[in-house]
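Okay, so here's the structure we're looking at.
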Amino acid sequence: YGYGMGYGMDPMMMGKGKGKGGFASRSRGKACVEFSSASAARAAMQTLDGSSLDGRQIKVSEWTGGKSPNAQQGDPECKVYIANLNWKTQGWKLKEHMSSVGDVVYAKVIADKDPMAKGWGKGW
Numbered sequence: 002y003g004y005g006m007g008y009g010m011d012p013m014m015m016g017k018g019k020g021k022g023g024f025a026s027r028s029r030g031k032a033c034v035e036f037s038s039a040s041a042a043r044a045a046m047q048t049l050d051g052s053s054l055d056g057r058q059i060k061v062s063e064w065t066g067g068k069s070p071n072a073q074q075g076d077p078e079c080k081v082y083i084a085n086l087n088w089k090t091q092g093w094k095l096k097e098h099m100s101s102v103g104d105v106v107y108a109k110v111i112a113d114k115d116p117m118a119k120g121w122g123k124g125w
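Read in order, the letters of the sequence shown correspond to residues 2 to 125 in my numbering.
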């Protein structure tokens with residue numbers, strides 16, 4: 002191993018296959034789901050809160066807004082906030098799970114774009 006490489010790290014594989022910039026997006030265990038109606042969003046909070054998805058008991062609650070421009074789009078009354086997601090859960094699977102109570106317009110797992118920006122993996 003080269004200078005500064007940790008035990009078991011392969012310098013030839015670092016940053017390979019991870020998408021733009023060498024790093025994959027990393028799920029933060031939460032998501033935003035928008036339904037076609039406010040009644041479907043309320044049904045999701047009542048019915049799917051505590052349901053199991055990818056081995057985790059998810060929490061479905063009222064959408065309280067977000068900082069990104071995408072979070073400002075759509076009708077907040079039709080959105081729900083999902084917490085305690087498995088980090089491996091993908092958007093299509095979340096959408097499929099949530100569609101049991103109504104028509105899902107949008108389902109987005111919230112992810113950090115650059116894991117290094119949050120201090121993951123830094124050794125100093």
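No residue lacks a Cβ here, since even glycine has one placed at the ideal position from N, Cα and C.
It should be emphasised that the depicted structure is a prediction, and the values quoted were computed from it without experimental measurement.
Cβ-Cβ distances below 6 Å link THR48 to VAL102 in the same chain, with the five nearest sequence neighbours on each side left out; the list follows chain order. For GLU63, the enclosing beta strand (DSSP E) has its first and last residue at 60–63. If the five residues before and after LEU95 are omitted, its C-beta is found closer than 8 Å to the C-beta atoms of ALA32, VAL34, LEU54, ILE83, LEU86, ALA108 and VAL110, all from its own chain and listed in chain order. Here LEU54 carries a strand assignment [DSSP, helix/strand/coil].
LYS96 sits in a helix when the DSSP states are folded into three classes. Residues of the same chain with a CB within less than 7 Å of the CB of GLN58, apart from the 5 flanking positions on each side, are GLY51 and ASN85 in chain order. For GLU63, the closest of ASN71, SER69, ASP76 and GLY56 by C-alpha to C-alpha distance is ASP76.
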